[in-house]
Amino acid sequence: MTEQNTATGALHISATRDSLMHDLADWLVKQTLQRPEAPFRIALSGGSTPQHLYRLMTEEPYVSRFPWQRMQFFLGDDRFVPHDHADSNYGMMRRLLFSRVPVPAENIFPMPDKGTAEQAAKEYEATLKQIYRGDALQAGKPLFDVNLLGLGTDGHTASLFPDQPVLQERTAWVAPCVPPVAPHTRLTLTYPAIHASRYVIFLVEGADKKEAVTRVRAQDPACPASAVTSAGDLIWFLDQPAAPAPQN
1 MTEQNTATGA LHISATRDSL MHDLADWLVK QTLQRPEAPF RIALSGGSTP QHLYRLMTEE
61 PYVSRFPWQR MQFFLGDDRF VPHDHADSNY GMMRRLLFSR VPVPAENIFP MPDKGTAEQA
121 AKEYEATLKQ IYRGDALQAG KPLFDVNLLG LGTDGHTASL FPDQPVLQER TAWVAPCVPP
181 VAPHTRLTLT YPAIHASRYV IFLVEGADKK EAVTRVRAQD PACPASAVTS AGDLIWFLDQ
241 PAAPAPQN
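Under UniProt numbering, think of the first position of the sequence shown as 1, with each following residue one higher.
Here is the structure:
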């Protein structure tokens, strides 16, 4: 695989949101079977769109098809709030997914919710380095099998918001950030950690996201998502309303 960015990433367009979620769930099952002897490491996204996917994963036939015992779950970002807070991404994932499937508790890696945000970011990075068995990301050695991302109307992804210092971070794998219009400090994977994935997946649905998809696909530098790259493949999973107009 050669490195891809948001402009060169493949487009997978589904007619409806429902078919989009089924298509991505089927794709994920297929990926878990590619290396049946190895752990399957996936970083999950917060937001409203992936909630439909998480619910679907708990239903048949998917709940019986996923190899839960060797799947390892991480978070791409979270609000720095207690895990039982209504705004916690991990709390949402636990409620909709983890509590409803036979995944071992030790295979779930939430971002810390104690201490300071800076301490929590360093702690999560240390966890990732322990899993990775190395302190430096290496070409040909992915940190994640799949990194699932969403996209905001402002072009943000994970908690990489426009005009924030975290966009310049190239050393840390995890960093705290304070979004300009959001109520909570957040923790987020940085560009290098996202890049170190076999697959980076953008899951986007709805007509209100079409403009953002178009801008990011055009590599608009004002959109933080435009700077996302993948060491492997980058794929856009979109429903028809979110899909950009065909290029002539």
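Think of the CB as a built atom: it goes at the ideal place given N, C-alpha and C, for glycine as much as any other residue.
What you are looking at is a predicted structure, and each value in this text was computed from that prediction instead of being measured.
Proximity winner among 220, 65, 47 and 167, relative to residue 192 (alpha-carbon distances): The shortest C-alpha separation from residue 192 is found at 167.
Supposed contact pair residue 184 and residue 80 - C-beta distance, whole angstroms, cut 8 Å: The C-beta distance from residue 80 to residue 184 rounds to 6 Å, short enough to meet the 8 Å contact threshold.
Touch test, the stretch 6–16 against the stretch 215–231, Cβ-Cβ under 8 Å, three pairs minimum: By the Cβ rule, the stretch 6–16 counts as touching the stretch 215–231, because three or more pairs are nearer than 8 Å.
Completely contained beta strand (DSSP E) runs for the stretch 138–203, where each covers 3 or more residues: Residue ranges of uninterrupted beta strand (DSSP E) with 3 or more members, entirely inside the stretch 138–203 and ordered along the chain, are 144–149, 174–177 and 186–189.
Segment contact flag, the stretch 81–88 with the stretch 117–126, C-beta cutoff 8 Å, min 3 pairs: Touching, no, given that fewer than three Cβ pairs across the two stretches are closer than 8 Å.
Residue environment, residue 34, which counts as buried when at least 16 other CB atoms sit within 10 Å: Classification of residue 34: exposed, given that the 10 Å Cβ count is below 16.
From 154, 97 and 190, residue whose alpha carbon lies closest to that of residue 181: Checking every option, the nearest Cα to that of residue 181 belongs to 154.
Collapsed DSSP secondary structure at residue 208 in the structure displayed: Reduced to three states, the DSSP call for residue 208 is helix.
8 Å contact criterion, which residue 20 and residue 205 should meet: CB distance rounded: Contact holds; Cβ gap of about 6 Å.
Rounded separation between residue 228 and residue 125 - CA only: In a straight line, the C-alpha of residue 228 is about 19 Å away from that of residue 125.
Alpha helix (DSSP H) segment containing residue 120, residue limits: Run containing residue 120: 117–132, per the alpha helix (DSSP H) assignment.
Selection from 231, 117 and 127 that minimises the alpha carbon distance to residue 108: Among 231, 117 and 127, the Cα nearest to that of residue 108 is on 127.
Start and end residues, alpha helix (DSSP H) containing residue 23: Its alpha helix (DSSP H) spans residues 17–32.
Alpha-carbon spacing of residue 257 relative to residue 233, whole angstroms: This structure cannot speak to residue 257, because the chain is shown only from 1 to 248.
Backbone CA spacing between residue 72 and residue 39 [nearest angstrom]: So the two alpha carbons sit approximately 7 Å from each other.
Inter-residue CB distance, residue 97 and residue 76 (contact presumed, cutoff 8 Å): Between residue 76 and residue 97 the Cβ distance is about 14 Å, and since that is not below 8 Å, they are no contact.
Length at least 3, wholly inside the stretch 34–90: the beta strand (DSSP E) runs in chain order: Runs of the beta strand (DSSP E) inside the stretch 34–90: 40–44, 71–75 and 77–79.
Environment of residue 171 [buried if 16+ CB atoms lie within 10 Å]: Around the beta-carbon of residue 171, fewer than 16 other beta-carbon atoms lie within 10 Å, marking it exposed.
Residue 148 and residue 203 closer than 8 Å at C-beta: Yes, they are a contact pair.
Own chain, CB closer than 6 Å to residue 15, minus 5 neighbours either side, in chain order: So the qualifying residues of the chain are 240.
Span separating the alpha-carbon of residue 158 from that of residue 62: C-alpha separation (whole angstroms): 26 Å.
Within 8 Å, strictly: CB atoms of residue 189 and residue 213: Going by C-beta atoms, residue 189 is not nearer than 8 Å to residue 213.
Helix, strand or coil at residue 229 [DSSP, three-state]: In this structure, residue 229 counts as strand in the three-state DSSP scheme.
Candidates 210, 143, 207 and 66: closest to residue 196 by CA position: Comparing Cα-Cα distances from residue 196 to each of 210, 143, 207 and 66, the minimum goes to 143.
Extent of the continuous beta strand (DSSP E) to which residue 10 belongs: Bounds of the beta strand (DSSP E) holding residue 10 are 10–14.
Buried or exposed (CB count within 10 angstroms, at least 16 for buried), residue 25: Buried, by the Cβ-count rule.
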